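Chains as they are written, first to last, in the working numbering: chain A, 9 to 349; chain B, 9 to 349.
Quick reminder that beta carbons are idealized off the backbone N, C-alpha and C, glycines included.
What you are looking at is a predicted structure, and each value in this text was computed from that prediction instead of being measured.
Contents: one structure, followed by commentary.
There are 2 protein chains.
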Amino acid sequence: MKPTVHDIASEAGVSLATVDRVLNGRPGVRAPTRERVLKAIEKLGFVRDVAAANLAKGRVYPLTFIVPSNDNSFMAALRAEIAAQQARGPLERTAISVTTVPAFDVEALVAALDRVRLEKTAGLAVVAIDAAPVRDALARVVAEGIPVVTLVSDLPESERHHFAGIDNEAAGRTAGSLMGRFLDGRRGRIGLVVGSLEVRDHRQRLEGFRAALQEFETDLTLLSPVEGRDEPERVHALVTQMLRDEPALLGIYSLGAGNRGLIRALSEQARKQPLRVIAHELTTHTRAALEAGLIDIVLNQDAGHEVRSAIRVLKAQADGQAVIAAQERIRIDIFLKDNLP
Amino acid sequence: MKPTVHDIASEAGVSLATVDRVLNGRPGVRAPTRERVLKAIEKLGFVRDVAAANLAKGRVYPLTFIVPSNDNSFMAALRAEIAAQQARGPLERTAISVTTVPAFDVEALVAALDRVRLEKTAGLAVVAIDAAPVRDALARVVAEGIPVVTLVSDLPESERHHFAGIDNEAAGRTAGSLMGRFLDGRRGRIGLVVGSLEVRDHRQRLEGFRAALQEFETDLTLLSPVEGRDEPERVHALVTQMLRDEPALLGIYSLGAGNRGLIRALSEQARKQPLRVIAHELTTHTRAALEAGLIDIVLNQDAGHEVRSAIRVLKAQADGQAVIAAQERIRIDIFLKDNLP
DNA sequence: CTGTTAGCGCGTTCAC
DNA sequence: GTGAACGCGCTAACAG
Chain A
9 MKPTVHDIAS
19 EAGVSLATVD
29 RVLNGRPGVR
39 APTRERVLKA
49 IEKLGFVRDV
59 AAANLAKGRV
69 YPLTFIVPSN
79 DNSFMAALRA
89 EIAAQQARGP
99 LERTAISVTT
109 VPAFDVEALV
119 AALDRVRLEK
129 TAGLAVVAID
139 AAPVRDALAR
149 VVAEGIPVVT
159 LVSDLPESER
169 HHFAGIDNEA
179 AGRTAGSLMG
189 RFLDGRRGRI
199 GLVVGSLEVR
209 DHRQRLEGFR
219 AALQEFETDL
229 TLLSPVEGRD
239 EPERVHALVT
249 QMLRDEPALL
259 GIYSLGAGNR
269 GLIRALSEQA
279 RKQPLRVIAH
289 ELTTHTRAAL
299 EAGLIDIVLN
309 QDAGHEVRSA
319 IRVLKAQADG
329 QAVIAAQERI
339 RIDIFLKDNL
349 P
Chain B
9 MKPTVHDIAS
19 EAGVSLATVD
29 RVLNGRPGVR
39 APTRERVLKA
49 IEKLGFVRDV
59 AAANLAKGRV
69 YPLTFIVPSN
79 DNSFMAALRA
89 EIAAQQARGP
99 LERTAISVTT
109 VPAFDVEALV
119 AALDRVRLEK
129 TAGLAVVAID
139 AAPVRDALAR
149 VVAEGIPVVT
159 LVSDLPESER
169 HHFAGIDNEA
179 AGRTAGSLMG
189 RFLDGRRGRI
199 GLVVGSLEVR
209 DHRQRLEGFR
219 AALQEFETDL
229 TLLSPVEGRD
239 EPERVHALVT
249 QMLRDEPALL
259 GIYSLGAGNR
269 GLIRALSEQA
279 RKQPLRVIAH
289 ELTTHTRAAL
299 EAGLIDIVLN
309 QDAGHEVRSA
319 IRVLKAQADG
329 QAVIAAQERI
339 RIDIFLKDNL
349 P
């Protein structure tokens, strides 16, 4: 059967405690003794039973999540996923506490981050805002020795250990690449709806979209982006106006949130020629719009994956174990009405 | 802290053994005693520690996989994923044995299935062939009380407990829906390359593709499908001929394997007008073709997910636990060159 | 520096 | 019917 610490101990002629010290890289073992143990491990092909180790340790990981109290469906889904993992805490040996802060509120976020430093948390996951004070506050948390993962929205210049989210530039390119294939050979205009160009994610998506579209030799013109602030009402007004003012409109790329407004605007108009629409995040609203044919494509990041990945990374980091970054990459999902989950 | 069996025992005023009997639904407990225990469990919100339970049980799940010894990249990837899980056996408390049988060989598969019945396996995962003798052999395995999961290729009329694979009709619809958007308003023809129309998966993809494409009001004509038998050489010859004979060809949907041949044929021709190509399974070849612009879209099923899902389902089935089917659904991945993992 | 020992939460003989 | 006691593989005090 599978070799155990006992087998290693007797093979190496030492006691369990010594084996344990070597296994966990703790001090108090002379080099030659350590060598003997390592050789025994090698020889017997020992693999430690993580479940048993955790059981013995009885360790729990107190983790902190800081997320915006945003009203949109995606953030709600994210919070729901965190709550789900919170409920699984006893099973996963985690104790997750969640702090919500007003969206886009730098000061509130900084205050929350500074509060985290006082708690004895084993790791922090935070939806970052792209601002210098946030970067500094994050640095202070890291300086405290607390592992930090940015969630959904990154802050690459900061000291965060990992980012659990999608490559937004690639997402934009994907949208542009699809739109280019949809409208190849046509002549007309494409509308762009963003949340805010001050948000890094949105800027990156926009860049990627433009770059990918340029590779097609088309007579397509991009309208200058309108900012919907991720608010359905505002998006509704902007899109309605766009549809009225631009008879040659062939497509719309909505790269922010607030798609309820987009969908309402689309359903209110009655055009003869089809309009190709690409949006982000699969929610009840965008799903219904896909099924109704109002939206062609939804690009999605799986909030559940992001949350679970963040937890895995934080636990590994807390234990000083390396993570396989490639394995934690969050994929860009593409949904049509035909491959909905 | 988390309540344990000890807490339940003292709360209910019984011993650990009695609690255990109730927990595992074993006989030897009077109804009133059982009630007291259940009430205590309810009251304290007890959730049993699966890891500790497994540790105590020392249980291992001997699982059997039967897969075709096919030469194509997808099956190779599938076998690699199984091997990877095999290596993780000690950690996951599984002991996986793999049997390979010649592809499309009904007799060999039936023989392998009948051999499984003699082993004391805790579960079987098999890439099915759509044939009556296979269905009967599967029924015999199920009759033996062995949980069975079909992998990649299903056999719905059989007694299998679960299917770990994609909805091929939906995959076909997805391809058709994309092709329709790519070529909307054009006039021309679309080529179809299948492996074999005797394979259920391929028939389903074809059906889905046709159905989705019909929803577009286009002047597109579907050529009758050519059968490449999943062999690169054959596919190469067929596609080369198609490209020569059909000057009005606008797109190709390759719904089987052997895409090496497709890619070679595409790279050898030099057309002026772009050709929209959709294929299945992300391999080193199709990935390179995406990046080179020879293929527009690759639909993919994640072999790793399929294998891991099959294992989870088999273990659950062996323990008589229900699985959340929705959670085990294998998604249809869509890849462009822009969102490659 | 190294060894002994007592658990972690649960399952499973055995006696009673 | 019910309970006490031991062990799964590993960690963590404590001794030595």
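Neighbourhood of residue i by C-beta, 7 Å cutoff - its chain only, sequence neighbours within 5 removed
i                : result
Arg268 (chain B) : Pro240, His293
Met187 (chain B) : Ile198, Leu221, Gly259, Tyr261, Arg284, Ile286
Arg101 (chain A) : Asn62, Arg67, Val68, Tyr69
Leu290 (chain B) : Val306, Asn308, Phe343
Glu89 (chain B)  : Ala311, Gly312, Val315
Arg52 (chain B)  : Sequence check: residue 52 (chain B) is Leu here, not Arg. For Leu52 (chain B), where only same-chain residues beyond five positions count, the Cβ hits under 7 Å are Pro11, Asp15, Ile16, Glu19.
Ser204 (chain A) : His210, Glu235, Arg237
Start-to-end residues for the alpha helix (DSSP H) that takes in residue i
i                : result
Leu205 (chain A) : From DSSP, Leu205 (chain A) is part of no alpha helix (DSSP H); its letter is neither H nor E.
Asp28 (chain A)  : 24-31
Phe82 (chain A)  : 81-95
Ile49 (chain B)  : 39-52
Gly180 (chain A) : 176-191
Val2 (chain A)   : Lying outside 9 to 349, the shown extent of chain A, residue 2 (chain A) is not represented and no answer is given.
Asp162 (chain A) : Premise fails: Asp162 (chain A) is in no alpha helix (DSSP H) and is neither H nor E.
His169 (chain A) : Looking at the DSSP string, His169 (chain A) is not in any alpha helix (DSSP H), and its letter there is neither H nor E.
Leu3 (chain B)   : Here chain B has residues from 9 to 349 only, and residue 3 (chain B) is not among them.
Asp227 (chain A) : Taken as a continuous stretch (DSSP letters only), Asp227 (chain A) belongs to no alpha helix (DSSP H), being part of the beta strand (DSSP E) at 227-230.
Residue i, buried or exposed, once every other Cβ within 10 Å from all chains shown has been counted against 16
i                : result
Val13 (chain B)  : buried
Arg181 (chain B) : buried
Ser166 (chain A) : buried
Glu177 (chain B) : buried
Glu235 (chain A) : buried
Leu200 (chain B) : buried
Glu127 (chain B) : exposed
Gln93 (chain B)  : buried
Pro9 (chain A)   : With the sequence shown as reference, residue 9 (chain A) is identified as Met, and Pro is not the correct amino acid for it. When all chains shown are included, Met9 (chain A) counts as exposed.
Pro76 (chain A)  : buried
Thr229 (chain A) : exposed
Asn32 (chain B)  : exposed
Val58 (chain A)  : exposed
Ala95 (chain A)  : exposed
Gln212 (chain A) : buried
Ala256 (chain A) : exposed
Arg339 (chain A) : buried
N-terminal and C-terminal residue of the beta strand (DSSP E) that residue i is part of
i                : result
Thr72 (chain A)  : 69-76
His288 (chain A) : 284-288
Asn308 (chain B) : 305-308
His14 (chain A)  : Segment 13-20 is the alpha helix (DSSP H) holding His14 (chain A); no beta strand (DSSP E) there.
Gly131 (chain B) : 131-134
Leu257 (chain B) : 257-262
Thr292 (chain A) : No beta strand (DSSP E) holds Thr292 (chain A); the alpha helix (DSSP H) holding it covers 292-300.
Val350 (chain A) : The question about residue 350 (chain A) has no answer, for chain A in this structure spans 9 to 349.
Ile342 (chain B) : 341-343
Neighbourhood of residue i by C-beta distance below 8 Å, restricted to the same chain and skipping five residues each side
i                : result
Glu299 (chain B) : Lys345, Leu348
Asn215 (chain A) : The question names Asn, but residue 215 (chain A) in the sequence shown is Glu. Cβ within range, chain order: Glu177, Gly180.
Residue i CB to nearest heavy atom of the ligand MG below 7 Å
i                : result
Ser275 (chain B) : The model depicted lacks the ligand MG and carries no ligand whatsoever.
Spatial neighbours of residue i in its chain, beta-carbon cut-off 6 Å, leaving aside the 5 residues before and after
i                : result
Gly131 (chain B) : Leu71, Pro155, Leu322, Ala326
Arg242 (chain B) : Gly236
His244 (chain A) : Gly269, Arg272, Ala273
**Request:** Determine, using beta-carbon pairs with one atom in the segment 99-109 of chain B and one in the segment 42-54 of chain B, whether at least three such pairs fall under 8 Å.
**Result:** Contact fails: fewer than three Cβ-Cβ distances are below 8 Å.
**Asked** Closer than 8 Å, Cβ to any Cβ of chain A: which residues of the segment 299-327 of chain B, in chain order?
**Response** Against chain A - using a Cβ distance shorter than 8 Å - the residues of the segment 299-327 of chain B are Asp304.
**Request:** State whether the segment 317-334 of chain A contacts the segment 291-307 of chain A, with contact taken as three or more CB pairs (one from each stretch) at a distance under 8 Å.
**Result:** no
**Contact list for the segment 118-134 of chain B against chain A, Cβ threshold 8 Å** = none
**Prompt:** Is the number of C-beta pairs between the segment 325-333 of chain A and the segment 16-30 of chain B that are closer than 8 Å three or more?
**Reply:** no
**Message:** At a CB distance below 8 Å, what residues from the segment 271-284 of chain A approach chain B? Give them in sequence order.
**Reply:** Within the segment 271-284 of chain A, the residues whose Cβ lies closer than 8 Å to some Cβ of chain B are Pro282, Arg284, listed in chain order.
**Message:** Does the structure place the segment 113-120 of chain B close enough to the segment 128-142 of chain B that three or more beta carbon pairs sit under 8 Å?
**Reply:** yes
**Message:** Closer than 9 Å between beta carbons: that is the criterion. Which residues of the segment 187-209 of chain A meet it against chain B?
**Reply:** Those would be Arg189, Phe190, Asp192, Gly193, Arg194, in chain order.
**Members of the segment 75-92 of chain A near chain B, C-beta cut-off 7 Å** = none
**Message:** Closer than 8 Å between beta carbons: that is the criterion. Which residues of the segment 42-66 of chain A meet it against chain B?
**Reply:** Val55, Asp57, Val58, Ala59, Ala60, Asn62, Leu63
**Asked** What residues from the segment 160-181 of chain B come within 8 Å of chain A, judged by C-beta to C-beta, listed N to C?
**Response** Ala178, Ala179, Arg181
**Request:** Using a Cβ-Cβ cut-off of less than 7 Å, list which residues of the segment 219-250 of chain B approach chain A; keep chain order.
**Result:** Ala220
**Asked** Just by C-beta distance, which residues in the segment 11-26 of chain B are closer than 7 Å to chain A?
**Response** Taking 7 Å as the Cβ-Cβ cut-off against chain A, none of the residues of the segment 11-26 of chain B qualify.
**Item:** Residues of the segment 327-345 of chain B whose Cβ lies closer than 9 Å to any Cβ of chain A, in chain order
**Value:** From the segment 327-345 of chain B, only Ala334, Arg337, Arg339, Ile340, Asp341, Ile342, Phe343, Leu344, Lys345 have a Cβ closer than 9 Å to chain A.
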